[in-house]
Structure formats: structure tokens, C-alpha cells
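Reading the sequence shown from the start, the letters are residues 5 to 404 in this note's numbering. Glycine included, C-beta positions come from ideal geometry on N, C-alpha and C. Okay, so here's the structure we're looking at.
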Amino acid sequence: MSVGTVDQVAELDRLYVMNTYNRQPLVLDRGEGVYVWDTDGKRYMDWVAGIAVDVLGHSHPAWVQAVREQAGKLAHTSNHYVTRPMAELARELVEITGMDKVFYCNTGAEANEAAIKIARKWGRGKRGDECYRIITFDKSFHGRTFGGMSATAQEKYQKPFLPMVPGFLHLPFDDIEAVRAALDGTVCAVMLETIQGEGGVRPASKEFLHELRQVCDDREVLLVLDEVQCGMGRTGKWMAYEHSGVVPDIVPLAKALGGGFPIGACLARGEAATTIQPGEHGSTYAGGPLATSAALAVIRTIREEGLIENASVIGEFMQSELRAMCSEFPALDHVRGIGLMIGVELKQPIAREIVKKALPKCLLLNATSETVLRIVPPLIIDRKQALEGLAILRNVLAES
Ligand SMILES: *Cc1c(COP(=O)(O)O)cnc(C)c1O
């Protein structure tokens with residue numbers, strides 16, 4: 005049976021795949037640059053980019069070549085052995101994050117699991133068995149494993165799966181006094197996204213980050229900045245925390261790291277970089293030659309094509325255009341974000357409706373809630389393509 009039409013594929017999905025996602029009515033077939041095509045040959049501007057993953061766009065020749073070559077050479081070995089791409093990527097990641105060492109994994113949730121395990125073991129060594137609590141913040145998102153989900157301070161993710169892993173303390177975002185009051189010697193780490201992603205593209209203020217760094221230093225607590233979504237160039241710096249000048253102790257990474265090939269990493273510095281000993285943590289696939297070759301191609305291409313600079317320039321351009329649209333369209337309230345990590349807050353709960361209406365007009369968009377549109381295009385997007393997408397969005401808003 006040949007399966008190609010939206011209806012045929014959607015039927016197989018409905019019958020055989022667990023119903024865990026709200027799908028858009030579309031079957032994607034191929035991609036090139038900032039565009040994807042459906043099975044009918046219709047072209048879409050992709051401002052979702054696999055949820056901030058496809059930083060090089062789709063089918064970038066350098067990425068394709070790296071994956072092809074490595075797949076034909078050596079794809080998987082297990083961590084009983086080392087390979088050159090794994091070792092080279094480690095050096096690159098240490099250099100771009102300012103950390104000392106990397107632990108490899110496969111997803112963002114796992115990168116946060118590693119951060120949680122490092123923090124707990126470090127805390128136990130520092131202040132004994134009672135020092136295992138981790139502070140996280142409202143509207144955060146740290147993944148869907150039990151550790152990540154317990155860290156995630158949003159009831160909707162946790163409720164069906166209670167009880168959570170103990171030891172997570174949820175506090176208001178950007179509230180340093182709440183953090184100060186909670187630090188009683190049983191806390192080993194403070195963990196937050198430098199820019200909250202799933203929570204609606206909300207950057208932590210520079211003051212909050214500086215105050216956190218200070219208070220973590222004073223009270224001997226680790227600072228974990230989850231850069232799974234905002235890291236790897238999207239904000240116009242390799243790491244979003246560079247905008248603040250604050251250096252964390254632990255940095256979970258994933259999404260953009262492999263440019264579409266699954267890979268995660270947890271970087272750490274100082275004592276946190278040497279806390280975990282052989283046998284205490286690991287993953288079969290982690291740091292495999294195929295995934296690490298893809299990530300090396302991502303880093304090389306970001307450098308060669310000046311994509312960090314582009315994220316900054318085009319990001320600013322898109323944000324200023326969107327700000328102008330806020331006075332033009334009453335549905336729009338304001339624009340948040342840094343570089344090409346953009347959130348548009350709406351005055352009415354119509355974000356999902358806008359996403360739906362943009363689809364037949366050939367723009368892929370995402371909503372993090374009923375009131376926030378998220379715009380995270382590939383970092384290769386140029387001004388002309390930005391204008392093309394904005395024109396479609398204008399068109400949709402004019403009809404809303
Ligand atoms: C997406 C995301 C995660 C989870 O990543 P997965 O690869 O889906 O496990 C964790 N933290 C943040 C900030 C994210 O955006």
C-alpha cells in the first residue's frame with residue numbers, strides 16, 4: 005500500500021501511534037533551508053524549525069555530508085571506546101560554554117537529569133545527606149522524565165503522574181528574595197532556563213541572574229542554567245547567559261546542538277565537573293560518533309556562515325517589525341525574547357487559531373499557550389525570508 009495523502013498518513017497515525025501530540029493537519033515530506041514541503045508539493049516557511057532544533061535549516065549540505073560520511077564509516081560503538089568526533093566535540097563545547105567538562109546524552113530531559121544527579125551528589129559531598137533540594141521556578145520546563153518533570157514547576161505536566169521525585173522547590177521567577185529565604189543549607193542547586201521557552205519565551209532579567217550568581221556563591225549552591233532551547237547561537241551569542249555576563253556551574257544543552265540529529269550534553273565546571281565517577285551515570289547511545297559528527301558540523305557551519313551574527317541582526321529586525329505590528333493589530337500585545345528566540349504576547353487567547361490559520365497560507369508557527377506565539381526560525385534565515393513570513397503573519401492577523 006502506498007501511503008502519501010494527508011488522510012492516509014493521518015489515519016495510520018491515529019490508529020497506531022499513541023495519542024500524545026496535537027498534530028497539525030499536514031504531512032511533511034522534505035526540507036531545504038528555511039522551507040519544508042508537504043506530500044502535495046506545497047512549500048511552507050518554517051518558523052518552528054523542529055522546536056528550535058533545525059538551526060542550519062533543513063538538509064544543509066555540510067550537515068548532510070558529515071552525517072553521510074560518518075554513517076558510512078562508524079555509527080555506534082558504545083562508551084566502552086572513544087572516537088575522534090566525540091573527543092573533538094567535547095573540546096569545542098568546553099570552549100564555547102566556558103565550562104570544564106561535558107557529559108553526553110541524547111535529549112534535553114537527559115541533559116537535565118545529568119545536571120540533577122551532579123547537583124545531588126555534589127550537595128551530599130558538601131553538606132551531607134540532607135543537602136539534596138533543588139530550586140526551580142514557575143512556568144519552567146525541564147523535560148518529561150521523572151527528574152525533569154519534577155523540576156518543571158507546572159502542574160499540568162505533573163498531575164497525571166504524581167507523586168513526583170521529592171526535593172524540588174518551586175519559587176516565583178525573577179524573585180531573588182524568595183530564593184534567599186529558601187536557602188537553608190538543604191539546597192544544593194538553583195536551576196532555571198536563561199530564557200524560559202515552553203513557558204512563553206520569558207528571559208530571566210540580568211539583575212536576577214547576577215543576584216542568583218552572587219547568592220549561589222555566598223551560600224555555596226550550584227547555579228544550573230538550562231540552555232536546552234536558548235543555547236547554541238539562537239540569541240546572537242553561543243549561550244544566552246553570555247548576554248548577562250553570568251557564568252553558571254552547570255549547563256544542560258540539546259535541541260540545536262545536533263541540528264536535527266538527537267544529541268544532548270551537560271557541561272559543568274569546577275567541582276561539579278568531576279563529581280560523577282565511573283559507573284554512576286551513563287547512556288548507551290550517548291556521544292556516539294554519528295551524533296557528535298552532526299554536532300561538529302553544526303558548530304563549524306555556525307562559525308563559517310556567521311550564523312550567530314545573523315541571529316542577532318535578523319532577530320533584531322524581526323522583533324522591531326513585530327513591535328511595529330503591535331500598534332497595527334489590536335490582537336498583539338508585546339514582543340519578548342533575544343535574537344531569533346521570539347515570543348509574541350497576545351491580548352486575546354487566539355494563538356492556536358493564528359497557528360491554524362497560518363498553515364494554509366504556508367507559514368509554520370507555534371503557540372506555547374493560548375496567548376503566546378513562539379517564533380524560532382532556522383538561524384540561516386535572511387531578511388527577505390523574514391519579510392516573506394511576516395507578510396503572511398500580517399495577512400493572517402488582518403483576517404483574525
Ligand atoms: C525542550 C526542552 C527540554 C526537554 O528536551 P527534550 O529533548 O524534549 O527532552 C528541557 N529544557 C528545556 C529548556 C527545553 O526547552
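The closest heavy atom of ligand 1 lies 8 Å or more from the beta carbon of Lys-388.
For Arg-137, the enclosing beta strand (DSSP E) starts and ends at 137-141. Short note on Gln-28: C-beta not closer than 8 Å to any heavy atom of ligand 1. For Phe-172, the uninterrupted beta strand (DSSP E) segment begins and ends at 172-175.
Counting only runs of 3+ residues, the beta strand (DSSP E) found wholly inside the stretch 108-164 occupies 137-141, in chain order.
DSSP places Leu-367 in the strand class (E or B) of the three-state scheme.
A Cβ-Cβ distance of about 7 Å is found for the pair Cys-270 and Cys-109, placing them in contact under the 8 Å criterion. CA-to-CA, the gap between Leu-213 and Ser-63 works out to about 37 Å.
Not one heavy atom of ligand 1 is found less than 8 Å from the C-beta of Pro-381. Nearest Cα to Glu-224 within the set Gly-201, Ala-328, Val-194 and Gly-249: Val-194. In the three-state reduction of the DSSP assignment, Gly-37 falls in the strand class.
Look at Arg-148: its beta carbon is less than 8 Å from one of the heavy atoms in ligand 1.
Every beta strand (DSSP E) stretch that sits fully inside the stretch 63-115 and reaches 3 residues is listed by chain position as 105-109.
Residue nearest to Ala-123 within the set Ile-280, Ile-342, Leu-344 and Ser-144 is Ile-280 (criterion: CA-CA distance). C-alpha of Asp-104 to C-alpha of Gly-274: approximately 7 Å in a straight line. For Asp-50, the pairing in a beta bridge is given by DSSP as Leu-368. The beta-carbon separation of Trp-51 and Gly-393, rounded to 6 Å, stays under the 8 Å limit for a contact. From the listed residues Ala-115, Ala-390, Glu-349 and Ala-186, the smallest Cα separation to Glu-325 is found for Ala-390.
Its chain contains Phe-150, Gly-151 and Ser-154 as the residues whose beta carbon lies nearer than 7 Å to that of Val-169, once the 5 sequence neighbours on both sides are disregarded; these appear in chain order. Scanning the stretch 195-277 from its first residue to its last, the whole alpha helix (DSSP H) runs of 4-plus residues come out as 210-223. Taking the Cβ atoms as the reference, Arg-340 lies roughly 6 Å from Arg-206, within the contact range of under 8 Å. The C-beta distance from Ser-144 to Glu-215 rounds to 18 Å, too long to fall under 8 Å, and the pair is not in contact.
If you look at Arg-184, you'll find it in the alpha helix (DSSP H) that goes 180-186. For the pair Ile-254 and Ala-276, the CB atoms are nearer than the 9 Å cut-off. Here Leu-187 has Arg-223 as same chain residues with Cβ atoms under 6 Å from its own Cβ, once five neighbours each way along the sequence are excluded.
Here DSSP, grouped into helix, strand and coil, assigns Asp-17 to helix.
Counted as a single uninterrupted DSSP element, the alpha helix (DSSP H) harbouring Gly-319 occupies residues 311-332. Around Val-98, the same chain offers Asp-104, Lys-105, Val-106 and Leu-271 as residues with beta carbons nearer than 8 Å, after the five sequence neighbours per side are excluded. Across the set Leu-16, Met-49, Asp-42 and Trp-67, the C-alpha of Trp-67 shows the shortest separation from the C-alpha of Ala-260. With a cutoff of 9 Å on beta-carbon distance, Glu-374 and Arg-356 are scored as near each other. Annotation: the continuous alpha helix (DSSP H) that includes Ile-306 extends over 293-308.
Taking a C-beta distance under 9 Å as the contact criterion, Ala-115 and Asp-230 qualify as a contact pair.
Beta-bridge analysis with DSSP links Arg-387 to no other residue. Sorting Leu-166, Trp-126, Thr-288 and Phe-172 by C-alpha distance to the C-alpha of Asp-142 places Phe-172 at the top.
Boundaries for Glu-374: no alpha helix (DSSP H) harbours it, and the DSSP string shows neither H nor E there.
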